[in-house]
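Scroll down for the structure; my scribbles are underneath it.
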Amino acid sequence: MSGSSKHIAAQSIIGPAAVAAAAAATLKQLSETNSIPYIKFIAGVSLLILEIVQSVKTYREECAALIEQIDQLLCIIIDLCSQPYAALPPAVLDAIGKFAETLQKIEVFIRMQHGMGRLKRFWKQQENTAQLEDCKTGLKEVFDTFSIKTSLAVAGGFADMRLATERRHQELLKLISDNNSFNEGSSMSSTSSIRTLSSNGSLNSLSPLLPSAPHIFHGRESDLAAVIKLLLQDSPRVAILGAGGIGKTCLAKSALHHPDIIHKYPDRYFVSCDSDGTVEDLAFAIASALGLELTGKISKAVVKHLSARSICLLVLDNFETPWEPLASRPKVDEFLSLLADFEHVALVVTMRGQERPLKIRWTRPFIPPLKPLSSDAARRTFLDISDAGGDEDAPHVAELLALTGNLPLAVTLMATVASVDGCETVLTRWKTENISLLSDGFNKETNLETSVRMSLSSPRMATSPSALQLLSVLSLLPDGILDVELINCPIPDLPRSKSTLLRTALAYVDAERLKVLAPVRELIRKIHPPSYTLVRPLRLHWDGLLKLWRTYHIPSGNLAQRLAGNSANINSMLKYGLDVGGPDLKEVVYSIFHMNNFTYQTYGNYSPLMDGVGAHIERVDDNQLRGHHIRHLFSQPKAITPAEAPDLIMRGSKFYQLAGDLGGELA
Numbered sequence: 193m194s195g196s197s198k199h200i201a202a203q204s205i206i207g208p209a210a211v212a213a214a215a216a217a218t219l220k221q222l223s224e225t226n227s228i229p230y231i232k233f234i235a236g237v238s239l240l241i242l243e244i245v246q247s248v249k250t251y252r253e254e255c256a257a258l259i260e261q262i263d264q265l266l267c268i269i270i271d272l273c274s275q276p277y278a279a280l281p282p283a284v285l286d287a288i289g290k291f292a293e294t295l296q297k298i299e300v301f302i303r304m305q306h307g308m309g310r311l312k313r314f315w316k317q318q319e320n321t322a323q324l325e326d327c328k329t330g331l332k333e334v335f336d337t338f339s340i341k342t343s344l345a346v347a348g349g350f351a352d353m354r355l356a357t358e359r360r361h362q363e364l365l366k367l368i369s370d371n372n373s374f375n376e377g378s379s380m381s382s383t384s385s386i387r388t389l390s391s392n393g394s395l396n397s398l399s400p401l402l403p404s405a406p407h408i409f410h411g412r413e414s415d416l417a418a419v420i421k422l423l424l425q426d427s428p429r430v431a432i433l434g435a436g437g438i439g440k441t442c443l444a445k446s447a448l449h450h451p452d453i454i455h456k457y458p459d460r461y462f463v464s465c466d467s468d469g470t471v472e473d474l475a476f477a478i479a480s481a482l483g484l485e486l487t488g489k490i491s492k493a494v495v496k497h498l499s500a501r502s503i504c505l506l507v508l509d510n511f512e513t514p515w516e517p518l519a520s521r522p523k524v525d526e527f528l529s530l531l532a533d534f535e536h537v538a539l540v541v542t543m544r545g546q547e548r549p550l551k552i553r554w555t556r557p558f559i560p561p562l563k564p565l566s567s568d569a570a571r572r573t574f575l576d577i578s579d580a581g582g583d584e585d586a587p588h589v590a591e592l593l594a595l596t597g598n599l600p601l602a603v604t605l606m607a608t609v610a611s612v613d614g615c616e617t618v619l620t621r622w623k624t625e626n627i628s629l630l631s632d633g634f635n636k637e638t639n640l641e642t643s644v645r646m647s648l649s650s651p652r653m654a655t656s657p658s659a660l661q662l663l664s665v666l667s668l669l670p671d672g673i674l675d676v677e678l679i680n681c682p683i684p685d686l687p688r689s690k691s692t693l694l695r696t697a698l699a700y701v702d703a704e705r706l707k708v709l710a711p712v713r714e715l716i717r718k719i720h721p722p723s724y725t726l727v728r729p730l731r732l733h734w735d736g737l738l739k740l741w742r743t744y745h746i747p748s749g750n751l752a753q754r755l756a757g758n759s760a761n762i763n764s765m766l767k768y769g770l771d772v773g774g775p776d777l778k779e780v781v782y783s784i785f786h787m788n789n790f791t792y793q794t795y796g797n798y799s800p801l802m803d804g805v806g807a808h809i810e811r812v813d814d815n816q817l818r819g820h821h822i823r824h825l826f827s828q829p830k831a832i833t834p835a836e837a838p839d840l841i842m843r844g845s846k847f848y849q850l851a852g853d854l855g856g857e858l859a
């Protein structure tokens, strides 16, 4: 190919890519405030495609045609963002998902072309052609769906959308420019803002827009101050750790936009690693954030680029995704270590769990793993989102927050539902929908179940199968459990299982008790309920303590305190026993009677399980148990009216007689 031909071929891609870049960048910004599923992913993959497509050596005309179609579809989706999410037909949402899936295929196809020599291209020609046709078909199906299911007039309608998209993009650039001028005068680097188009229409050192700072941010003031203090040191390396949904990303974003950090680090980069499964993917994502040409040995290009830069801040969010797999961890550790060698590059990683990569000299003092919000911070967060500040809402808000365990993600999701349905209605829905109420979103930021499942599927959990068994048992223990009591649970390799749950932040230790947050317990009971063989030994352990307490009326050291500290655990275990039924049901009912006595003498009230125990007694069909039930009813004020008493006394005595227990007759 002659020089002029090469130049024409290059322009045939650069032109459409430059135009599409504006649409992709606009959609990326819109995705921060729009709940239409998949659009954030679509924007990110589109920008990635537009980076790597410029340097392909083969299928250039076909790639240019794909880019033009991608641009059209991006404009359509941007137009859809102006409509309420609920108003979009299911077929349109399905088409958006199909578009996201097709973009993945296109990205894979284009990336494969980079690594192929002539011989390999020859042998792979048929496969490449099939992949290309699959991509074309996918885009056509999406476009056809949009044409049919929306008001799009293919010719005139798209032209209007293109103009609207360009107008939005220019408004966005002006907004960012004004914001940068306001914050930093002329010193703010363009790498902190959205990627822009050069005058000749090519992509110009493109760097993604920094995510906005969270607008609602309560209870993390001390954590933020600690992060800022570390980042203001020389060559900081900071790890923000904690459970899924605990607020690690929000803390990192808040730090990025803190005035002191903006002043020290004009160049700041935020890299989401949640789809980077290998060191190559990680390098690709960082290179994209840095605005590098995505060809050749990308990891070397990243290292070379950073070595020549001035002071900058690099945030690697969800870094556990590339780091956790044991097969790729050594390479990821080595690559991160190379980045940390540059003293002028400040590093922040956010990771699920409580482990930091070992090859880095992390700045002291370490940021401790994030904990749930305080009750006050959780309440303020809830009220800011739900606007449920009336006196009539106060008791309902307290009940709803108790269900969240003050986990920020759960608080946010619960408040969002309450903002639509009202607190009282949400409480009613919880009784039937339970944790599903917080699992309607499409990603880990909007779906609690998705967030927890990501932790459950981590390689660290996979290497310790018994950890899931322990987690299922902990889902029944709202009080948590001491190690001396946990040994009663027949779980293989218990110390390793406990360590795994702590390392992944699926569990935590509070006052020497191993605990799991309330919404996580609810979800685990739903998707991984414990086997009765694991639960029964713990129930028998606490039942034995109850028998000791009621049998010997002498000072017993801390026996009463041990039972009181596990009262919620015992009631939870007994309720589980009622639900399971089986041959132990009679034992479980007797244990409920014993727990009822303890609860009354300790707290002056009664076990919540007494209300529904009658139906389970009928399942057992035991006359002595029926007699004991009536005896316990007489010990509960307001459980029996004066008019009911004579008949119940007769029935109770009859049950004892039939059981041959004359000493138990009611007088």
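By our numbering, the letter at position 257 of the sequence shown is numbered 449, and the numbering carries on one by one without gaps. Beta carbons are placed, not taken as given, at the ideal position from N, Cα and C, and that holds for glycine. Fair warning: this is a prediction, and the values are worked out from it, not measured in the lab.
In this chain, Met646 is not harboured by any beta strand (DSSP E); it is covered by the alpha helix (DSSP H) spanning Leu640 to Leu648. Proximity of the stretch 808 to 826 to the stretch 842 to 853 meets the contact definition, three or more beta-carbon pairs being nearer than 8 angstroms. Ile302 sits close to Cys255, with the two beta carbons spaced by under 8 angstroms.
Going by C-alpha positions, Leu448 is about 12 angstroms away from Leu424.
Residue environment: Pro403 is assigned as buried (16 or more neighbouring CB atoms within 10 Å of its CB, all protein chains considered). Under the three-state reduction of DSSP output, Cys504 falls in the strand class. In this structure, Ile683 lies near Ser689, with their beta-carbon atoms less than 8 angstroms apart. In this structure, DSSP gives Leu706 an extended state, which the three-state scheme calls strand.
Beta-bridge analysis with DSSP links Val540 to Val430 and Val507.
Contact between the stretch 425 to 437 and the stretch 588 to 598 is absent: fewer than three C-beta pairs spanning the two stretches fall below 8 angstroms. The beta carbons of Leu265 and Leu331 sit closer together than 8 angstroms.
Counting of Cβ neighbours within 10 angstroms places Asp286 among the exposed residues, the total staying below 16. Here the stretch 716 to 735 makes no contact with the stretch 610 to 622; the two share fewer than three CB pairs at distances below 8 angstroms.
A straight-line Cα-Cα distance of about 8 angstroms links Thr441 and Asn510. Across the set Lys328, Gln317, Thr321 and Val284, the C-alpha of Val284 shows the shortest separation from the C-alpha of Phe338. With respect to Leu706, Gly757 sits apart: the two C-beta atoms are not nearer than 8 angstroms. Judged by DSSP in its simplified three-state form, Asp459 adopts strand. In this structure the stretch 504 to 522 lies against the stretch 449 to 468, because at least three pairs of beta carbons, one per stretch, are closer than 8 angstroms. Sequence-distant partners of Ala532 (beyond 5 residues in either direction) whose C-beta falls short of 7 angstroms from its own C-beta, in its chain, are Arg429, Leu539 and Ile552. Taking C-beta atoms under 8 angstroms as the contact rule, Thr573 and Thr604 qualify, at a distance of about 7 angstroms. A buried status is given to Tyr251, since no fewer than 16 other beta-carbon atoms sit within 10 Å of its beta-carbon.
If you draw a straight line from the Cα of Trp554 to the Cα of Thr294, it is about 40 angstroms long. In the structure shown, the three-state DSSP call for Tyr700 is strand. Here Leu698 is buried, its C-beta having at least 16 other C-beta atoms within 10 Å. If you ignore the 5 residues before and after Val644, its C-beta comes within less than 7 angstroms of the C-beta of Gly436, Val712 and Leu715, all in its own chain and listed in chain order. In the structure shown, Gly804 adopts helical secondary structure according to DSSP, grouped into three states. Rounded to the nearest angstrom, the gap between the Cα atoms of Asp336 and Ala479 is 35 angstroms. Under the three-pair Cβ rule at 8 angstroms, the stretch 452 to 465 does not count as touching the stretch 207 to 219. Using a C-beta cut-off of 8 angstroms, the stretch 575 to 585 makes no contact with the stretch 554 to 564, since fewer than three inter-stretch Cβ pairs fall below that distance.
With respect to the 8 angstroms criterion, Val471 and Phe527 are classified as neighbours on the basis of their beta carbons. His808 counts as buried, since at least 16 other C-beta atoms from the protein chains shown sit within 10 angstroms of its C-beta.
Taking Val665 as reference, the option from Ser567, Thr321 and Ile679 with the minimal CA-CA separation is Ile679.
In the three-state reduction of the DSSP assignment, Gly582 falls in the coil class. Close CB contacts of Ser631 within its chain, under the 6 angstroms cut and outside five residues either way in sequence, are with Asn639, Leu640 and Glu641 (chain order). Of the candidates Ser227, Pro687 and Ser759, the residue whose Cα lies closest to the Cα of Asp675 is Pro687. Listed as beta-bridge partners of Ser339 by DSSP are no residues whatsoever.
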